[in-house]
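Numbering (this note's numbering), first residue to last: 139 to 733.
Virtual Cβ for every residue (Gly too), placed ideally from N, Cα, C.
Before any comments, here is the structure.
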């Protein structure tokens, strides 16, 4: 009788031979296909983003080729990462964070030519690393246009969840400004290529098969913004740490100037700013990450007297001939002192606007109820977003009766609140974009369009993809009231008693209003809004110079210079102009008034 072991051996041999036959004969094609799949690798080609142009046609943002490193997380080892750390001058921990398991990603960007050369020369020491070129964003004017353009960076986990289109880890997206707001148009279409690799994962050759495709650049965006006017505003505001200036064409809603200072280093942000520098930017007292034009909420100061006058006239609280008691430079409301910047004689409404008399407007404010003032202010579009095509716009703030009751108690506030609100102080907050939009309506006899910064979007062949379609904004103000207000604003600048008289222009009739925003943290903010030409306005400009004092001191002369530069050069070039290298400083004022 044969032993069980002798019977088992032929059975095992039979099974082995059968399995070998199955592998080598029956499933030859199957395993050949697997081998091909392992040898051929599908790679995604990054697409350049579309360019961003100024209204003059200057490039404000573009993509440039840059070296990046592609690391295979399945093959890279600690020795290779240690070598790479020495070449790049990066900590090993930082490289390990970039290398994600189960994902192949071009994870180290903006590698220098010298670093790339070393890696290529010693390729045998870096078998898991491959050098590729990728498009990276470049901003010629860096921080000057940072709040307008924004910047790009690697997509975050939150953004991966929120975007409806398909993105993957490591993709580049717009983070702020135009780059974020128009991400859908600016991003291009990725390409695909196939490469053959050896057993060590190194590329042997590339294939241009039917399934391969080239990447496509994104759409180009043409802005309404004048690059040259922006550089001119930057030169005028060069000596001030914190400021903002925004200009709008009241006939179209196009934003001509968008300048917020200080800015942040867009090229550095796109490259990947170190954590310590990011923390420094976030904690700086001058708030460089804060877009003052759409997110800056300021007390409007005496500029709000224009709104107060409109509300009082439209509600029949006063007429243009109404006079109050002469301004004696002070007024007591209860036991609280309210001052004015100087004594005034008995004034009618127009003269009170021209001379910016606080006492007159205290009494106008106290002639209304809080509801009359605030509700009509809402009708004038304060306390709500303007709808500009940029992310991050704030609403400003208009206090209500409930808000005051909750903060001070029902008996903790009274007519003094109305007096303060009437001159644009206290709790009311308005953004620069709200002010320039409101005064565009005043300049344009009661209506304008939603402010916007994109003029057109074109594809790579020059075809229009999108044109602006702004909503028309009509304010509930009678033509009689509009005319009273416009005439008063013209005399603010051109009447010898006007608070902006020393900022008038010789050959261009400007209308405007000065303002001083009280700042509990330091020096007051200087404000001015102006439009011109008075008869047929083409530009409205609002400027705020923080911590610089009265509106007539700095904001007014800077604003009228911006208006002059735009209108004078519009004659020689219909869509923009070159910045002169001369006469960037302020002219000396022979007289400075309070507001």
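{"Asked": "Cβ neighbour criterion (16 or more within 10 Å) applied to residue 655", "Found": "buried"}
{"Asked": "Beta-carbon contacts of residue 219 that lie in its chain and below 6 Å, excluding the five residues immediately before and after", "Found": "230 and 233"}
{"Asked": "Cβ neighbour criterion (16 or more within 10 Å) applied to residue 217", "Found": "exposed"}
{"Asked": "Buried or exposed (CB count within 10 angstroms, at least 16 for buried), residue 478", "Found": "buried"}
{"Asked": "Candidates 620, 408, 390 and 363, of which the one nearest residue 449 by Cα", "Found": "620"}
{"Asked": "Chain-order list of residues whose beta-carbon lies under 7 Å from that of residue 597 (same chain, five-residue window excluded)", "Found": "357 and 603"}
{"Asked": "Alpha carbon of residue 183 to alpha carbon of residue 191, nearest angstrom", "Found": "25 Å"}
{"Asked": "Distance CB(residue 197)-CB(residue 359) smaller than 8 Å", "Found": "no"}
{"Asked": "Residues near residue 490 by beta carbon distance below 7 Å, same chain, minus five either side", "Found": "498 and 499"}
{"Asked": "Strand pairing of residue 648, partner residues [DSSP]", "Found": "Answer is none; residue 648 lacks a bridge partner."}
{"Asked": "Cα-Cα separation between residue 225 and residue 256, rounded to whole angstroms", "Found": "8 Å"}
{"Asked": "Assigned secondary structure, residue 115 (DSSP; H/G/I helix, E/B strand, else coil)", "Found": "No information on residue 115 is available, as it lies outside the stretch 139 to 733 that the chain covers here."}
{"Asked": "Whether residue 254 touches residue 202 by CB criterion (8 Å)", "Found": "no"}
{"Asked": "Residue 425 to residue 577 span [Cα, whole Å]", "Found": "27 Å"}
{"Asked": "Residue range of the beta strand (DSSP E) that includes residue 585", "Found": "585 to 587"}
{"Asked": "Enclosing alpha helix (DSSP H) for residue 620 [first to last residue]", "Found": "617 to 632"}
{"Asked": "Alpha helix (DSSP H) segments (min. 4 residues) lying fully within the segment 507 to 563", "Found": "508 to 517, 539 to 546 and 553 to 560"}
{"Asked": "Cβ pair residue 581, residue 675 closer than 8 Å", "Found": "yes"}
{"Asked": "Runs of alpha helix (DSSP H) wholly within the segment 240 to 279 (minimum 4 residues, chain order)", "Found": "251 to 259"}
{"Asked": "Per DSSP, cross-strand counterpart(s) of residue 681", "Found": "383 and 666"}
{"Asked": "DSSP state of residue 407 mapped onto helix, strand, coil", "Found": "helix"}
{"Asked": "Enclosing alpha helix (DSSP H) for residue 468 [first to last residue]", "Found": "Segment 468 to 471 is the beta strand (DSSP E) holding residue 468; no alpha helix (DSSP H) there."}
{"Asked": "Residue 673 in three-state terms, based on DSSP", "Found": "coil"}
{"Asked": "Secondary structure of residue 695, DSSP reduced to three states", "Found": "helix"}
{"Asked": "Under the three-state DSSP convention, the category residue 461 falls into", "Found": "coil"}
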